[in-house]
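Have a look at the structure below, then the notes.
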Amino acid sequence: MITNRKIIHFDIDAFFASVEQLDHPEFKGKPLIVGGDSDRSVVSTCSYEARVYGVKSAMSIVVAKKLCPHGIYVYGNMKRYSDISHQIFEWIESQFEMVQRVSIDEAYIDVSDFPSPWEVAREIKKQILSMTGLTVSVGISYNKFLAKLASDWNKPDGIFEIKTSDIPNILLPLPIIKIHGLGKKTCEKLNRIGIFTIEDLYQYPSELLNNIIGESWAKEIVERIHGIDHRPVKEYAQRKSYGKETTLEEDTEDREQIYNILKIYLNKIHKRLEEKGLMAKTLTIKIKYGDFEQFTKSHSLEYHTNDIGILTDTLQSMYDSLSLTKNVRLVGLTFSNFEDIDYKQFNLLELTSSN
Ligand SMILES: [Mg+2]
Numbered sequence: 001m002i003t004n005r006k007i008i009h010f011d012i013d014a015f016f017a018s019v020e021q022l023d024h025p026e027f028k029g030k031p032l033i034v035g036g037d038s039d040r041s042v043v044s045t046c047s048y049e050a051r052v053y054g055v056k057s058a059m060s061i062v063v064a065k066k067l068c069p070h071g072i073y074v075y076g077n078m079k080r081y082s083d084i085s086h087q088i089f090e091w092i093e094s095q096f097e098m099v100q101r102v103s104i105d106e107a108y109i110d111v112s113d114f115p116s117p118w119e120v121a122r123e124i125k126k127q128i129l130s131m132t133g134l135t136v137s138v139g140i141s142y143n144k145f146l147a148k149l150a151s152d153w154n155k156p157d158g159i160f161e162i163k164t165s166d167i168p169n170i171l172l173p174l175p176i177i178k179i180h181g182l183g184k185k186t187c188e189k190l191n192r193i194g195i196f197t198i199e200d201l202y203q204y205p206s207e208l209l210n211n212i213i214g215e216s217w218a219k220e221i222v223e224r225i226h227g228i229d230h231r232p233v234k235e236y237a238q239r240k241s242y243g244k245e246t247t248l249e250e251d252t253e254d255r256e257q258i259y260n261i262l263k264i265y266l267n268k269i270h271k272r273l274e275e276k277g278l279m280a281k282t283l284t285i286k287i288k289y290g291d292f293e294q295f296t297k298s299h300s301l302e303y304h305t306n307d308i309g310i311l312t313d314t315l316q317s318m319y320d321s322l323s324l325t326k327n328v329r330l331v332g333l334t335f336s337n338f339e340d341i342d343y344k345q346f347n348l349l350e351l352t353s354s355n
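Just so you know, the sequence shown maps onto residues 1 to 355 in UniProt numbering.
Below, the structure written as structure tokens:
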């Protein structure tokens, strides 16, 4: 069993509902249901105050209204949620190499190379709270299945770690609906034959489980409930940008110091592009001043490139034309507008042969 990995799963608490409560302080502390007001709508997210009444995601609004008639029902603002999500992931991806987004508000991060996953978890919570005002729950474990279970364990605003030694105590009494990967329908089926907890499932003959959910899936589920899950943290396909940013230990107006940081980022991101077989066309410098005013400056080259000399020259000339009027608090650099090296070489080949 591979147990030397360290995986984090983070999940924003009641994301859409929390954003509404931030934007509308009058909704704070009240049962709030995001999903609409028409009889055809379903609950998208609801606040913890609404969950007390039994309201849940994916429930029809009609049912929710029966359970919680005095709740506040809103349609929600997808644009606003996706802007906040974008802001959060921009920061996350600038700090960590191995990030797998799972949805608008949750992701896995492989933090095996960091000295303390707890430190990382605390930093993620602190940063997201200060950037957005939202709380996050973080799970830590040695695989994705357990990390997700851990983030769910201590919601909201928690950190929880599941270690190998915790497996029997934590897993055995859990209801099977907590097994990520087992749907509601399957769980109902299993309930009907007397399987309610993971412990019940442990004792159930695997051939019978094969009949219910299919052999390969059954094998995977049985492994997971024994704490085995080798799935890697995978970056989602076609990432649109790679960036790095950092808040300086102290605000500074030292141009050289700032440039040196940008150059370190350039080299790191370049290395990453090489690993991925990508070339970039656009560079963006991000500067935030001590008073939190911020701006970005982008430059697009005429060609996609992964030539470190060209990229360094571009950064240098962008930086030379940048005027910094106040002390700088945060520096960032992002590459975007990618193309595969293979594809580019194919293009070049075509160009050469037609000349
Ligand atoms: Mg969430």
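Every residue gets a Cβ at the ideal spot worked out from N, C-alpha and C, and that includes glycine.
When you measure from the CB of residue 431 to every non-hydrogen atom of ligand 1, does any distance come out below 7 Å?
For residue 431 there is no data in the structure shown, the boundaries of the chain being 1 and 355.
Among residues of its own chain, excluding the 5 on either side of residue 200, which ones have a beta-carbon nearer than 6 Å to its beta-carbon?
Close CB contacts of residue 200 within its chain, under the 6 Å cut and outside five residues either way in sequence, are absent.
What does the Cβ neighbour count give for residue 328, buried or exposed, with the cut at 16 atoms within 10 Å?
Taking all protein chains in view, the Cβ of residue 328 is crowded by 16 or more other Cβ atoms within 10 Å, so the residue is classified as buried.
Inter-residue Cα distance where the pair is residue 132 and residue 84:
Rounded to whole angstroms, the gap between the alpha carbons of residue 132 and residue 84 is 7 Å.
Residue 161 (DSSP reduced to helix, strand or coil)
It is a strand residue.
Below 8 Å between beta carbons: does that hold for residue 314 and residue 279?
At least 8 Å separates the beta-carbon of residue 314 from that of residue 279.
Can you tell me whether residue 125 is buried or exposed? The criterion is at least 16 other CB atoms within 10 Å of its CB, across all chains shown.
For residue 125, the number of other beta carbons within 10 angstroms of its own is at least 16, and it is reported as buried.
If residue 76 and residue 16 are in contact, beta carbons under 8 Å, what's the gap, nearest whole angstrom?
The distance from the Cβ of residue 76 to that of residue 16 is about 5 Å, consistent with a contact at the 8 Å cut-off.
Boundaries of the alpha helix (DSSP H) in which residue 141 is found, first to last residue:
Taken as a continuous stretch (DSSP letters only), residue 141 belongs to no alpha helix (DSSP H), being part of the beta strand (DSSP E) at 136 to 141.
Take every Cβ of the segment 290 to 300, pair it with every Cβ of the segment 322 to 336, and state whether three or more of those distances are shorter than 8 Å.
Short answer: they touch.
DSSP beta-bridge partners for residue 279?
In DSSP, residue 279 forms a bridge with 339.
Host alpha helix (DSSP H) of residue 15 (start-end)
Where residue 15 is concerned, the enclosing alpha helix (DSSP H) stretches over 15 to 23.
Whole beta strand (DSSP E) elements within the segment 9 to 80, 3-residue minimum:
32 to 34, 72 to 74, all fully within the segment 9 to 80.
Taking the Cβ atom as the reference point for each residue, do residue 386 and residue 249 lie within a distance shorter than 8 Å?
One cannot answer for residue 386 here, as it falls past the ends of the chain, which runs 1 to 355.
By Cβ distance, which residues of its chain are closer than 7 Å to residue 308, with the 5 residues on each side in sequence left out?
Answer for residue 308: 270, listed in chain order.
Would you call residue 190 buried or exposed, if buried means 16 or more other Cβ atoms sit within 10 Å of its Cβ?
Residue 190 comes out buried.
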